[in-house]
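Chains as they are written, first to last, in the numbering used here: chain A, 1 to 228; chain X, 1001 to 1228. Each residue gets a CB set at the ideal place from its N, CA and C atoms; glycine is no exception. Shown next, in structure tokens, is the structure this report addresses.
Number of protein chains: 2
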Amino acid sequence: MKTGRGRIAPPEGETDGRRRRGAKARAIILDRAMDVASVSGFEGLTVGSLASDLGISKGNITVLFGDKKALQVKTLDAAVEVFSAKVITPALVEPTPLRRLRRLCHGWFDYVEQRVFPGGCLMYAAINEYRARPGVVQDRVNKYREAWKALLARTIRDAQTAGEIRADQDVQQLVFKLTAFQATSNTAALLGDVKYFLLGRTMTKAAIIEAEVANRSGLGVKPPARRK
Amino acid sequence: MKTGRGRIAPPEGETDGRRRRGAKARAIILDRAMDVASVSGFEGLTVGSLASDLGISKGNITVLFGDKKALQVKTLDAAVEVFSAKVITPALVEPTPLRRLRRLCHGWFDYVEQRVFPGGCLMYAAINEYRARPGVVQDRVNKYREAWKALLARTIRDAQTAGEIRADQDVQQLVFKLTAFQATSNTAALLGDVKYFLLGRTMTKAAIIEAEVANRSGLGVKPPARRK
Chain A
1 MKTGRGRIAP
11 PEGETDGRRR
21 RGAKARAIIL
31 DRAMDVASVS
41 GFEGLTVGSL
51 ASDLGISKGN
61 ITVLFGDKKA
71 LQVKTLDAAV
81 EVFSAKVITP
91 ALVEPTPLRR
101 LRRLCHGWFD
111 YVEQRVFPGG
121 CLMYAAINEY
131 RARPGVVQDR
141 VNKYREAWKA
151 LLARTIRDAQ
161 TAGEIRADQD
171 VQQLVFKLTA
181 FQATSNTAAL
191 LGDVKYFLLG
201 RTMTKAAIIE
211 AEVANRSGLG
221 VKPPARRK
Chain X
1001 MKTGRGRIAP
1011 PEGETDGRRR
1021 RGAKARAIIL
1031 DRAMDVASVS
1041 GFEGLTVGSL
1051 ASDLGISKGN
1061 ITVLFGDKKA
1071 LQVKTLDAAV
1081 EVFSAKVITP
1091 ALVEPTPLRR
1101 LRRLCHGWFD
1111 YVEQRVFPGG
1121 CLMYAAINEY
1131 RARPGVVQDR
1141 VNKYREAWKA
1151 LLARTIRDAQ
1161 TAGEIRADQD
1171 VQQLVFKLTA
1181 FQATSNTAAL
1191 LGDVKYFLLG
1201 RTMTKAAIIE
1211 AEVANRSGLG
1221 VKPPARRK
């Protein structure tokens, strides 16, 4: 079995040899499955092709994952875990909501630019692939889509409470803008339209600056604190 | 053979019976192929499933379209023709560039809202499906993507020349915004997130108004002509 790209943490503290090997095999299979799904779509993910890619039996994959739908859902879950570790967790340690918002957004661009997955952001890919296909995979995609929108919205509201973002900034409009810029930058990056991708990054930065209390002028610099 | 939804014009003025029947069959097959591709993706399009859906032989489809890649390209071409007839042609008759721009953008939202295709806008779907898959289909997708961006850019520049859109409006930034809002509204509409889709429409309107010479205030009303 080939080793994966190590995006999924290996099992820790597992002393039962068989369970440890099972967890390791799951991580390697998921690692490969994420790459396949990111390029060929989640519907392009088959137990047979994964088995032949990795040189293991189809039976082994079925035992570990169940049927194709279950494999698709688990691959999506794994991709979201990778995304969380790369983008969300580092942003959450930032000391202010505005800095968290900036880090979430710029972290997303870094993650696509670095091709953590060869096909870019798997969430936006899955949103497109399952937009017209109701079922368990679409339900899961929708759950993650809503969670990402909610995280951005909450962070913007927190930044309003903290006095960093204007109280009159419509939260949903800013969330819409940020996610729209991401969706389009994702396809632009992969299609080799680097200019459009970079424009997406610049416009994301500008959209946040525009919403800031201190930057009606769009300069991105806070005025000095007033003293009375 | 079942009849299609009539989105493709039937052949006119063809007197040779065999050629006329061939053209009619092509139209019916393409009509079905566009629906399939719009829901299951262009990769979900197979000669076999089309044949069984329409109750015709695989051989007939192969004679008319060639291999799977050729079928995908011709289905994409047909979808773009439908889009042109529904959205681009009606916009081009508008008397001013600004009105053409508005009509192109609102026409796009109407076209998705009316579900001309069950999976929404096929161009944005194809952009996503082929973003990481180089080949003839991706080349074609890229050609249409660039053409749409170029049409919007040209219309904005014409509106600047006509004094309708501010000369200092960055053309690429406005094109980026409009296409980003479309991409995200497309998936929102199909996922049943009507609120987000309508927000996309509202923000598209606002983005154009913001760029207008006469509307720095965002009111969308031209000041009365000055008389000296």
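| Nearest CA to the CA of A/M203: which residue from X/A1180, X/L1101 and X/D1158? | Ranked by Cα distance from A/M203, the options X/A1180, X/L1101 and X/D1158 are led by X/A1180.
| request: Can you give me the Cβ contacts of X/Y1111 inside the same chain, cut-off strictly under 8 Å, excluding the 5 residues immediately before and after it? | output: Close CB contacts of X/Y1111 within its chain, under the 8 Å cut and outside five residues either way in sequence, are with F1083, K1086, V1087 and C1121 (chain order).
| query | Nearest to X/G1055 by alpha carbon, out of X/A1188, X/I1029, X/R1103 and X/K1069? | reply | Checking every option, the nearest Cα to that of X/G1055 belongs to X/I1029.
| said: By the DSSP assignment, the alpha helix (DSSP H) with X/S1038 in it spans what residues? | reply: Counting along the chain, the alpha helix (DSSP H) containing X/S1038 begins and ends at G1017 to S1040.
| Inter-stretch contact (C-beta, 8 Å, three-pair minimum) for the segment 1035-1045 of chain X and the segment 1122-1130 of chain X | Segments in contact, yes.
| Contacts around X/K1149, its chain only, beta-carbon distance under 7 Å, and the 5 residues preceding and following it disregarded | V1175 and T1179
| task | Please report the residue range of the alpha helix (DSSP H) in which A/F109 lies. | result | P97 to E113
| task | Compile a chain-ordered list of the residues in the segment 1182-1194 of chain X whose CB is closer than 7 Å to at least one CB of chain A. | result | A1183, T1184, T1187, L1190 and L1191
| field | Rounded C-alpha distance that separates A/D168 from X/M1034 | value | 44 Å
| request: Compare the C-beta of A/L151 with all C-beta atoms of chain X and state if any pair is closer than 7 Å. | output: no
| query | Is it true that the CB of X/F1197 sits closer than 7 Å to the CB of X/A1207? | reply | Not closer than 7 Å, so no.
| query | Given a limit of 8 Å on CB to CB distance, which residues of the segment 1157-1183 of chain X reach chain A? | reply | Q1172, Q1173, F1176, K1177, T1179, A1180, F1181 and A1183
| request: Could you work out which residue in X/K1177, X/S1185, X/A1153 and X/P1118 is closest to X/A1037 when comparing CA atoms only? | output: X/P1118
| Residues near A/V171 by beta carbon distance below 8 Å, same chain, minus five either side | A153, I156, R157 and Q160
| request: Give a yes or no on whether 7 Å exceeds the smallest Cβ distance from A/G22 to chain X. | output: no
| Which residues does DSSP pair with X/I1056 in a beta bridge? | The partner list for X/I1056 (beta bridge, DSSP) is empty, contrary to what the question assumes.
| said: Using CA atoms only, rank isn't needed, just tell me which of X/N1186, X/L1191, X/D1031 and X/A1162 is closest to X/E1212. | reply: X/A1162
| field | A/P90, enclosing alpha helix (DSSP H) - first and last residue | value | T89 to L92
| query | Which whole-angstrom value describes the C-beta separation of X/L1191 and A/N186, a residue pair presumed to lie in contact below a C-beta threshold of 8 Å? | reply | No, X/L1191 and A/N186 are not in contact; Cβ-Cβ is about 17 Å, not under 8 Å.
| request: Using a cut-off of 8 Å between C-beta atoms, extract the partners of X/I1127 located in chain A. | output: T187 and L191
| task | For X/I1008, write down the residues that DSSP places opposite it in a beta bridge. | result | Answer is none; X/I1008 lacks a bridge partner.
| Neighbour-count burial assignment, X/A1125, 16 or more Cβ in a 10 Å radius | buried
| Status (buried if at least 16 other CB within 10 Å, exposed otherwise) for A/A9 | Under a 10 Å Cβ-count criterion, A/A9 is classified as exposed, with fewer than 16 other Cβ atoms of the shown protein chains found around its own Cβ.
| field | Outcome for X/G1135 when other beta-carbon atoms lying within 10 angstroms are tallied against a minimum of 16 | value | exposed
| query | What did DSSP end up calling X/E1164 once you bin it into helix, strand or coil? | reply | coil
| query | Which one or two residues does DSSP pair with A/E43 in a beta bridge? | reply | None, per the DSSP bridge assignment.
| query | So what does A/E212 bridge to, in DSSP terms? | reply | Per DSSP, A/I165.
| Cutoff 6 Å; reference X/E1210; Cβ partners in own chain excluding five residues on either side | Closer than 6 Å at Cβ, skipping near neighbours: no residue.
| message | Closest to A/R32 by C-alpha separation, out of A/A51, A/Q114 and A/R145, would be which residue? | response | Proximity to A/R32 across A/A51, A/Q114 and A/R145 peaks at A/A51, based on C-alpha coordinates.
| query | From this set, X/V1063, X/L1064 and X/K1068, which residue's C-alpha is nearest X/S1049's C-alpha? | reply | X/K1068
| message | Does chain B have any CB closer than 7 Å to the CB of X/L1050? | response | Checking the listed chains, one finds no chain B in this structure; the protein chains it contains are A and X.
| With 16 other Cβ atoms within 10 Å as the buried cut-off, status of X/L1092 | exposed
| Nearest neighbour of X/T1062, chosen from X/A1025, X/L1076, X/T1096 and X/D1139 [CA to CA] | X/A1025
| request: Give the C-beta separation of X/G1022 and X/L1064 to the nearest angstrom, bearing in mind that I take them to be a contact with Cβ-Cβ under 8 Å. | output: 7 Å
| field | Residue span of the alpha helix (DSSP H) that contains X/V1175, given as start and end | value | V1171 to L1190
| said: Does any residue of chain X have a CB that is nearer than 7 Å to the CB of A/G119? | reply: yes
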